[in-house]
Amino acid sequence: MPEAPDFGQSQKRGVNTTDVEGIVDILIQEDVIPMCDRDSILKAHIPIKEQVQKVLDVVWKKQHELTFISALKDTGNQHVADRILSSALPDDILEFQEQNNMDVINTDGNLATKETKETLNLKKENEILKEENSSLMESSRKLLEENRLLKDEVERLKCLQKAVRDKSNKTYEKQQKTHRENVELKKSLEGCKAINPEEVDQMKAAINELRDKDNHKDEILASQDLQQKRQALEIQSLTDFQALMDSDIKRLRDEVESQRNANAQMKNELESIKEAEDAKKNKLVDTETQTHAHFG
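UniProt numbering applies: residue 1 is where the sequence shown begins, and numbers increase by one.
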């Protein structure tokens with residue numbers, strides 16, 4: 001049996017082999033190459049030259065050169081087939097394989113077929129099995145592609161879900177911070193409310209009582225002028241004190257009112273944040289529901 005031609009030498013002569021995978025699939029359908037050897041021949045890291053050389057080794061070993069030539073033609077590599085026919089295959093091999101496919105003449109001079117009826121039936125069954133195998137291979141490729149697309153979609157949805165969850169967590173943290181600030185503001189407001197109008201009235205009553213006592217003391221002063229001067233000074237002092245108290249009371253009332261307004265504004269902001277958070281949570285629930293429905 002002749003040795004398989006060296007594909008490396010053919011490449012140097014300008015032979016350009018392209019569809020190695022298609023050639024291998026045809027040889028698998030023709031039972032030249034076992035299906036289990038497909039992946040080992042077509043490994044991604046193996047150069048095309050070595051892939052083709054592996055195919056040639058199997059073809060020459062099993063003496064299926066003509067099947068290989070036919071596969072080259074079917075995959076658009078006519079130029080490679082012509083080169084092999086002109087240089088790689090000896091004439092005696094071609095004649096031997098052609099004779100194996102021809103009818104032989106029996107002793108009576110009549111043409112007799114080498115294939116019995118059972119052999120023909122087996123060939124038909126083999127053709128059917130080849131077609132089924134080809135269909136299964138195509139279905140397998142489609143399923144693998146669909147599986148890849150589904151995996152990509154799942155990864156995309158996982159990334160989207162993570163982004164929504166992260167955004168929701170940030171919003172929740174912001175809401176908690178705002179809540180703590182609101183609690184502090186409420187405490188400050190309660191402190192401002194501690195000074196109420198009743199206490200102010202009590203302070204005014206105490207001032208009036210002191211004033212009355214001072215007025216009573218003034219009546220016993222020996223000098224009317226001195227008494228009047230003292231009264232005038234004390235009245236001025238009390239008037240200034242009263243004005244100062246009125247100013248403090250007004251300032252406190254303004255602070256209380258300002259604090260109430262700030263608290264009302266803060267309450268509105270908290271309600272807005274809560275509404276936005278509820279809307280995001282509802283949207284997240286809708287997204288998860290759609291995801292479950294999509295993969296359900």
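Beta carbons are placed, not taken as given, at the ideal position from N, Cα and C, and that holds for glycine.
Considering K61, what are the terminal residues of the alpha helix (DSSP H) in which it resides? Start at 1 with the first residue of the sequence shown, and residue 61 comes out as number 61. 48-62 is the extent of the alpha helix (DSSP H) around K61.
Assign V183 to one of two classes, buried (16 or more other C-beta atoms within 10 Å of its C-beta) or exposed (fewer than that). As a working note, residue 183 is residue 183 in the sequence shown. By the 10 Å Cβ count, V183 comes out exposed.
Distance CB(E277)-CB(T171) smaller than 8 Å: Here residue 277 refers to the residue found at position 277 when the sequence shown is read from its first residue. Here residue 171 refers to the residue found at position 171 when the sequence shown is read from its first residue. Cβ atoms of E277 and T171: closer than 8 Å.
N261 to K186 span [Cα, whole Å]: For the purposes of this step, residue 261 is taken as residue 261 along the sequence shown, with counting starting at 1. For the purposes of this step, residue 186 is taken as residue 186 along the sequence shown, with counting starting at 1. One C-alpha to the other measures close to 12 Å.
Going along the chain, which residues of its own chain have a beta-carbon closer than 8 Å to the beta-carbon of V32, five neighbours each way excluded? Stepping through the sequence shown from its first residue, residue 32 is reached at position 32. So the list reads V58, V59, K62, H64, T67, F68, once near-sequence residues are dropped.
Decide if T75 is buried, meaning its Cβ has at least 16 other Cβ atoms within 10 Å, or exposed. In the sequence shown, residue 75 corresponds to position 75, counting from 1. It is buried - the Cβ of T75 has at least 16 other Cβ atoms within 10 Å.
What would DSSP say about T287, mapped onto helix, strand or coil? Taking the first residue of the sequence shown as 1, we reach residue 287 at position 287. DSSP places T287 in helix when its eight states are reduced to three.
Give every residue of the same chain whose Cβ lies closer than 7 Å to the Cβ of I28, excluding the five residues on either side of it in the sequence, and list them in chain order. Taking the sequence shown and counting its residues from 1, one reaches residue 28 at position 28. Closer than 7 Å at the Cβ level, and outside the excluded window around I28, lie M35, R38.
Under the rule that 16 or more other beta-carbon atoms within 10 Å means buried, what is D77, buried or exposed? Residue numbering aside, residue 77 sits at position 77 when the sequence shown is read from its first letter. For clarity, residue 77 is Asn in the given sequence; the question names Asp instead. It is buried - the Cβ of N77 has at least 16 other Cβ atoms within 10 Å.
Report buried or exposed for K54, applying the criterion of at least 16 other Cβ atoms within 10 angstroms of its Cβ. Working through the sequence shown from its first residue, we reach residue 54 at position 54. K54 is buried by the Cβ-count criterion.
Counted within 10 angstroms of its Cβ, other Cβ atoms place D246 as buried (16 or more) or exposed: Indexing the sequence shown from 1 puts residue 246 at position 246. It is exposed - the Cβ of D246 has fewer than 16 other Cβ atoms within 10 Å.
Check this for me: beta carbons of I26 and A71, under 8 Å apart or not? Numbered from its first residue, the sequence shown carries residue 26 at position 26. Numbered from its first residue, the sequence shown carries residue 71 at position 71. Yes, the Cβ-Cβ distance between I26 and A71 is below 8 Å.
For the pair the stretch 143-162 and the stretch 39-48, tell me if three or more CB-CB distances fall below 8 Å. no
Quick one: what does DSSP say residue 301 is sitting in, helix, strand or coil? Examination of residue 301 is not possible in this model, given that the chain is present from 1 through 296 alone.
Compute the beta-carbon to beta-carbon distance between S168 and K274, rounded to the nearest angstrom, for a pair I have assumed lies under 8 Å. Mapped onto the sequence shown, residue 168 falls at position 168. Mapped onto the sequence shown, residue 274 falls at position 274. Going by Cβ atoms, the distance from S168 to K274 rounds to 13 Å, so no, they are not a contact pair.
Pull up the distance between the alpha-carbon of H292 and that of A279, whole angstroms please. The residue labelled residue 292 in the question sits at position 292 within the sequence shown. The residue labelled residue 279 in the question sits at position 279 within the sequence shown. Whole-angstrom Cα-Cα distance: 20 Å.
Assign V256 to one of three DSSP states: helix, strand, or coil. Taking the sequence shown and counting its residues from 1, one reaches residue 256 at position 256. Judged by DSSP in its simplified three-state form, V256 adopts helix.
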